[in-house]
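Residue numbers (our numbering): 147 to 597.
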């Protein structure tokens, strides 16, 4: 309810039509009758709708759009956020000028221990970053380009989306200290990005993006958003078809909506003057998935659906980064492809050249794989396991579980032994194998022989 309180306290009442809460089949007792009684304080302003089974956050957002009847603009917030003072007006202003704009706030980090707030990392000198990804579809933040900066009159103007997104700070879940996210430019601004494994990234604004702005406060363009916090005109969202109904639980929906917005005529803007703190949970997600997905993770299947619909020939780079996904059954996507054709949506090549032109400088296109799989010792039941470690951690030996994950590696034509965007190399003293971030010019030190 901290999120709800902050929205009510820091949003002009005449612009707040309703607050819709979606209970995704929670088994928490305090979210039942106790919550129903509590929201009566606001005389119908706050409404709760309960799913009859767990749908996951992707479909829960689509359900929320269908339940929200009163407002012209939909603003999505994760449950564990805190909006800042003056967050609202800058977020919706670009949409009032162009209804096909989706905006994103700047997201600050709220420490889960003391609730202190800090900016995210990964942006440019002003802290601004564009949303991006690696070629495994992992989310990244990259700095604003010179092209994006040149389009803004001042630093407070949004940068490309119109879907609008607030700047998201990080809230520590224990202390509630608020800190900015990393990964931006000299002002702390970052664009949403991805690597080719589809991991979300934040990258600094490029000079190209900075030239588009007259001041540092103007919104700026971003190729992608993290997905949890954004504003979009209600009718435009429905015209886009909401989210792909075949995406389940969590993962990939932020990229799907970002690509759909850009390739089908919209814009995606990050809004520096709209800041929202985000509490990063200290414990993992718990709950019951839809019965069809018991025993398996839907995230990788979601990624495959997204790249098969939107990436065109670039999908080969995803499969190079995530070779285990090539054999996955991802369901029927014929209606999604028909939507793209009927709406004359642009190609992914256009998107990469005009909007996400800086992705490959941060996350180069991956070479073809020579082979992939587990690395097992001769006549043993033990495999190399990253244990989830990155950026300087050491791999270990663990019982082979044949489930991929931390035991899945690939060797490419550049003689790199990799897992996602990390390379294996010798540690500082040469006695252990280290896993660390790398580019295409590093750690070309492995040889592969077939027996």
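Backbone N, C-alpha and C define an ideal beta-carbon position, used for all residues, glycine too.
Item, Value
"The alpha helix (DSSP H) that contains residue 236, what's its start and end?", "234–243"
"Would you be able to state if there are at least three C-beta pairs under 8 Å between the region 566–584 and the region 332–344?", "yes"
"Quick one: residues in its chain with C-beta nearer than 8 Å to the C-beta of residue 441, no 5 flanking neighbours on either side, listed in chain order?", "Reliability of the predicted coordinates at residue 441 is poor, the pLDDT of 43 falling under 50, and no value is obtained from them."
"At which residue ranges does the region 379–425 contain complete alpha helix (DSSP H) runs of 4 or more residues, listed in the order of the chain?", "380–385, 399–409"
"Quick check on the burial criterion: 16 or more other C-beta atoms within 10 angstroms. Buried or exposed for residue 306?", "Here residue 306 scores only 45 on pLDDT, less than 50, and its place in the model is too uncertain to base an answer on."
"Cβ atoms of residue 236 and residue 420: under 7 Å apart, would you say?", "yes"
"Leaving out the 5 sequence neighbours to the left and right, which residues in its chain are closer than 6 Å to residue 477 when beta-carbon positions are compared?", "392"
"Starting from the C-beta of residue 160, find all residues in its chain whose C-beta is less than 6 Å away, skip the five residues before and the five after it, and write them out in chain order.", "none"
"Going by beta carbon distance, what residues of the same chain come within less than 6 Å of residue 371, once the five residues before and after it are set aside?", "250, 277, 311, 338, 400, 404"
"Using only CA atoms, which one of 422, 417, 511, 411 lies nearest to residue 496?", "411"
"Which value, in whole angstroms, describes the spacing of the CA atoms of residue 562 and residue 541?", "16 Å"
"Taking all protein chains shown into account, do 16 or more other C-beta atoms lie within 10 angstroms of the C-beta of residue 196, making it buried, or fewer, making it exposed?", "exposed"
"Is the number of C-beta pairs between the region 349–357 and the region 208–223 that are closer than 8 Å three or more?", "no"
"Less than 7 Å between the beta carbons of residue 422 and residue 375, yes or no?", "yes"
"Can you pull the DSSP bridge partners for residue 583?", "568"
"Going by DSSP in three states, residue 210 sits in which element: helix, strand or coil?", "helix"
"Drop a sphere of 10 angstroms on the beta-carbon of residue 326, count the other beta-carbons inside from all chains shown, and report buried for 16 or more, exposed for fewer.", "buried"
"Could you compute how far the alpha carbon of residue 346 sits from the alpha carbon of residue 272?", "21 Å"
"If you draw a straight line from the alpha carbon of residue 431 to that of residue 246, how long is it in whole angstroms?", "No answer about residue 431 holds up, because its pLDDT of 45 lies below 50 and its placement is not dependable."
"Under the DSSP definition of a beta bridge, which residues are partnered with residue 166?", "193"
"Are residue 202 and residue 396 touching if we call contact CB-CB under 7 Å?", "yes"
"For my contact list, residue 350 and residue 415 are in at a C-beta cut-off of 8 Å; report their separation, rounded to the angstrom.", "Actually they do not touch by this definition, with Cβ atoms about 17 Å apart."
"Which one or two residues does DSSP pair with residue 529 in a beta bridge?", "522, 544"
"So what does DSSP say about residue 588, is it helix, strand or coil?", "coil"
"Which same chain residues end up closer than 6 Å to residue 163 when comparing Cβ atoms and leaving out the 5 residues on each side of it in sequence?", "216, 217"
"In three-state terms, what does DSSP make of residue 281?", "strand"
"Taking DSSP's pairing of strands, which residues face residue 262 in a bridge?", "323"
"Who does residue 314 pair with in a DSSP beta bridge?", "253, 422"
"What's the gap between the Cα of residue 329 and the Cα of residue 274?", "8 Å"
"Using a Cβ-Cβ cutoff of less than 7 Å, which residues in the same chain neighbour residue 213 once the five nearest sequence positions on both sides are dropped?", "166, 195"
"Can you tell me the Cα-Cα spacing of residue 239 and residue 189, whole angstroms?", "28 Å"
"Can you name the residues that DSSP bridges to residue 343?", "282"
"Determine contact between the region 463–483 and the region 513–521, defined as no fewer than three beta-carbon pairs at a distance below 8 Å.", "yes"
"Please list, in chain order, all residues of the same chain as residue 538 whose beta carbon is under 7 Å from its beta carbon, the five residues on each side excluded.", "580, 582"
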